[in-house]
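J.: Take this structure, written in structure tokens, and hold onto it; I'll ask about it next.
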């Protein structure tokens with residue numbers, strides 16, 4: 001039985017949904033789930049000295065260096081990115097090299113950086129490789145106003161990703177992201193209200209991939225278990241570093 | 255009844271213009287079709303009881319031809335438009351693009367204005383009734399922030415086959431030799447003026463200013479991706495042909511400071527109603543509006559007939575600005591692709 005230490009409600013529920021393998025313990029669990037803000041990282045740093053083997057970072061809002069330092073302690077680091085779940089990414093993985101990918105997002109004011117990181121991540125997944133930033137431009141954002149960004153990214157094999165994203169004036173409301181693979185088998189991902197809908201279209205018709213009903217927290221906990229049991233190599237931090245780094249570069253463009 | 259002559263006898267005329275003209279047969283009648291030497295005009299003309307010829311001279315000299323549809327190859331549009339105006343024809347419906355450079359655009363517009371010749375350009379997405387509805391929503395939804403166009407298009411022949419019984423349409427293209435300098439840039443310019451031209455007038459509808467192209471890429475097997483800025487609006491357009499791809503996708507997504515709109519246009523050539531628009535509001539409400547039974551092609555022919563009947567309000571300044579805008583995007587995109595050797 002693996003011990004999970006967390007104060008986050010979503011992971012307590014996830015433990016109950018995996019009660020055959022996981023039990024909640026007050027401290028020093030094998031797995032610790034923390035919030036993705038700097039306070040959560042402080043907690044994670046402290047508990048790694050007490051034998052913790054895996055850390056789940058929930059909805060990361062951290063600098064890349066912070067996560068790298070945590071990983072350097074030897075623990076497995078699993079990131080819960082609800083807008084870019086590992087299972088959704090698998091569902092959307094293109095069957096052939098894409099001709100092109102377009103990613104478009106619309107978010108509440110102040111939420112662009114986080115969503116842009118996931119939007120770059122979708123570009124990386126759908127272009128099937130790490131991306132390089134070729135060009136970028138942005139509008140707005142002065143005096144706290146809403147921003148819009150546009151970027152041209154390229155993956156090995158020269159699949160290009162056109163990424164465009166903007167903030168709404170209001171600070172409330174859900175984000176909406178759409179990513180499309182232009183290829184003989186077209187793939188379309190729409191993420192809104194916390195759910196990704198993936199469709200795959202060929203000349204024969206369109207397949208709507210079944211919705212993933214598992215909570216993102218339960219998925220993250222299962223991935224942490226798999227990492228501990230040696231069933232999966234988790235490279236969430238590398239992916240995060242890639243996505244966050246490019247997002248930062250796009251946001252720096254004028 | 256207005257007599258119409260059609261310059262051009264290719265698949266677009268067989269699959270699009272003749273079937274669409276038939277829907278306006280209470281006001282217009284095709285009386286003459288000419289080809290550029292292919293001989294295809296003979297068969298097409300016989301089907302509609304029209305005369306046929308090769309070249310444009312006989313058609314323009316035909317007194318039964320009151321108005322002209324220009325559906326010749328794009329590099330001949332301006333030349334044929336000027337000839338039709340010089341021949342004293344009452345009106346022109348010119349396929350997009352009106353011309354391939356600014357000087358030719360201005361020459362055609364100036365000649366049409368001076369002679370009071372009716373001029374309609376076949377920008378079917380602009381004529382789509384759904385576009386008017388979308389503009390109405392966008393005007394009430396704050397500032398436009400981004401426009402994203404994504405099109406994945408199977409061969410035209412797939413749609414020619416459901417609106418025409420002419421054999422041999424939509425011959426497969428051979429792959430371009432991108433190692434030859436200028437080929438990729440030339441294709442990107444051609445695609446900007448042949449495919450992006452569908453939506454560039456719509457972009458101009460929502461923006462103000464000249465385009466500043468930020469990036470451009472050739473897309474395999476045939477396509478392009480272009481990113482640009484117009485005023486404070488950012489725009490990306492990715493279009494590619496997919497020889498064995500899924501049913502056509504042609505989507506324009508517009509975000510404003512409050513809402514998002516997604517407009518999905520029907521495939522080219524078919525008559526299955528207008529585009530569909532979905533609106534996503536800040537409060538999480540999604541609204542899908544039903545399509546109109548009238549599509550952009552029918553609407554452009556109706557506009558042509560209305561204008562010839564004196565009911566239209568020909569917007570030649572708008573046509574000029576749309577054409578200049580598209581050429582500016584095409585030129586800058588081609589320069590970037592050529593310069594980068596992409």
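Chains as they are written, first to last, in the numbering used here: chain W, 1 to 254; chain C, 255 to 596. The beta-carbon is built from N, C-alpha and C at its ideal position, and this holds for glycine as well. It should be emphasised that the depicted structure is a prediction, and the values quoted were computed from it without experimental measurement.
Say whether chain W places a C-beta atom closer than 8 Å to the C-beta of residue 515 of chain C.
T.: no
J.: Taking C-alpha atoms, which residue in W:243, W:251, W:237 lies nearest to residue 54 of chain W?
T.: W:237
J.: Using 8 Å as the cut-off, can you tell me whether the region 103 to 118 of chain W makes contact with the region 176 to 189 of chain W, which would need three or more C-beta pairs spanning the two stretches below that distance?
T.: yes
J.: Please classify residue 291 of chain C: is it buried, with 16 or more other beta-carbons within 10 angstroms of its beta-carbon, or exposed?
T.: exposed
J.: Roughly how far, in whole angstroms, is the beta-carbon of residue 100 of chain W from the beta-carbon of residue 494 of chain C, given that I think they are within contact range, below 8 Å?
T.: 6 Å
J.: Using 8 Å for Cβ pairs, my map puts residue 139 of chain W next to residue 488 of chain C. What's the rounded Cβ distance?
T.: 6 Å
J.: Does any CB atom of chain W fall closer than 8 Å to the CB of residue 481 of chain C?
T.: yes
J.: Would you grab the beta carbon distance between residue 404 of chain C and residue 505 of chain C for me? Rounded to a whole angstrom, and I think it's under 8 Å.
T.: 5 Å
J.: Would you say residue 152 of chain W reaches chain C, if we count a Cβ-Cβ gap shorter than 8 Å as a contact?
T.: yes
J.: Tell me whether residue 586 of chain C sits in a helix, a strand or coil according to DSSP, three-state version.
T.: helix
J.: Check residue 449 of chain C in the structure and name its three-state DSSP category.
T.: coil
J.: I'd like to confirm the pairing. Which residues does DSSP put opposite residue 523 of chain C in its beta bridges?
T.: DSSP lists no partner for residue 523 of chain C.
J.: Mapping DSSP to helix, strand and coil, what is residue 47 of chain W?
T.: helix
J.: Going by DSSP, name the residue or residues bridged to residue 357 of chain C.
T.: Residue 357 of chain C is not bridged to any residue.
J.: Can you check the region 178 to 254 of chain W for any beta strand (DSSP E) of at least 3 residues that lies completely inside it and give the ranges in chain order?
T.: 186 to 192, 195 to 202, 205 to 208
J.: Pull out every residue of the region 60 to 89 of chain W whose Cβ sits closer than 7 Å to any Cβ of chain C, in chain order.
T.: none
J.: At the level of alpha carbons, what is the spacing between residue 349 of chain C and residue 558 of chain C?
T.: 12 Å
J.: Could you spell out the range, first to last residue, of the alpha helix (DSSP H) harbouring residue 280 of chain C?
T.: No alpha helix (DSSP H) holds residue 280 of chain C; DSSP gives it neither H nor E.
J.: Residues of chain W with a CB under 9 Å from the CB of residue 471 of chain C: which are they?
T.: Neighbours of residue 471 of chain C on chain W, chain order: 100, 134, 152, 154, 158, 160, 162.
J.: Quick check on DSSP: helix, strand or coil for residue 320 of chain C?
T.: When DSSP states are grouped into helix, strand and coil, residue 320 of chain C belongs to the coil group.
J.: How far does the beta strand (DSSP E) with residue 80 of chain W in it extend, from its first residue to its last?
T.: 76 to 80
J.: Flag residue 201 of chain W as yes if its beta-carbon sits less than 8 Å from any beta-carbon of chain C, otherwise no.
T.: yes
J.: With a threshold of 16 other CB atoms inside 10 Å of the CB of residue 213 of chain W, please say whether the residue is buried or exposed.
T.: exposed
J.: Within 10 angstroms of its Cβ, does residue 255 of chain C collect 16 or more other Cβ (buried), or is it exposed?
T.: exposed
J.: Say whether chain D places a C-beta atom closer than 8 Å to the C-beta of residue 166 of chain W.
T.: Chain labels in this structure do not include chain D; the protein chains are W and C.
J.: Count Cβ pairs between the region 432 to 450 of chain C and the region 560 to 571 of chain C that sit closer than 8 Å; are there 3 or more?
T.: no
J.: Comparing alpha-carbon positions, which option in C:296, C:300, C:317 lies nearest residue 307 of chain C?
T.: C:296
J.: Under 8 Å: do the region 361 to 379 of chain C and the region 541 to 557 of chain C share three or more Cβ pairs, one atom per stretch?
T.: yes
J.: I need the DSSP call for residue 146 of chain W, collapsed to helix, strand or coil.
T.: coil
J.: Quick check on residue 514 of chain C: does DSSP put it in helix, strand or coil?
T.: strand
J.: Return the CA-CA distance between residue 599 of chain C and residue 511 of chain C, expressed in angstroms with no decimal places.
T.: The question about residue 599 of chain C has no answer here: the residues shown for chain C are numbered 255 through 596.
J.: Which of helix, strand or coil does DSSP assign to residue 368 of chain C?
T.: helix
J.: Only counting runs of 4 or more residues, tell me where the alpha helix (DSSP H) segments fall wholly within the region 448 to 480 of chain C, in order along the chain.
T.: Runs of the alpha helix (DSSP H) inside the region 448 to 480 of chain C: 454 to 460.
J.: Quick check: the Cα distance between residue 423 of chain C and residue 401 of chain C, rounded to an integer number of angstroms?
T.: Here residue 423 of chain C scores only 49 on pLDDT, less than 50, and its place in the model should not be relied on; the value that follows carries that caveat. Their backbone Cα atoms lie some 33 Å apart in a straight line.
J.: Would you list the residues sitting across from residue 162 of chain W in a DSSP beta bridge?
T.: Residue 162 of chain W has W:102, W:152 as its beta-bridge partners, per DSSP.
J.: Taking only three categories from DSSP, how would you classify residue 305 of chain C?
T.: strand
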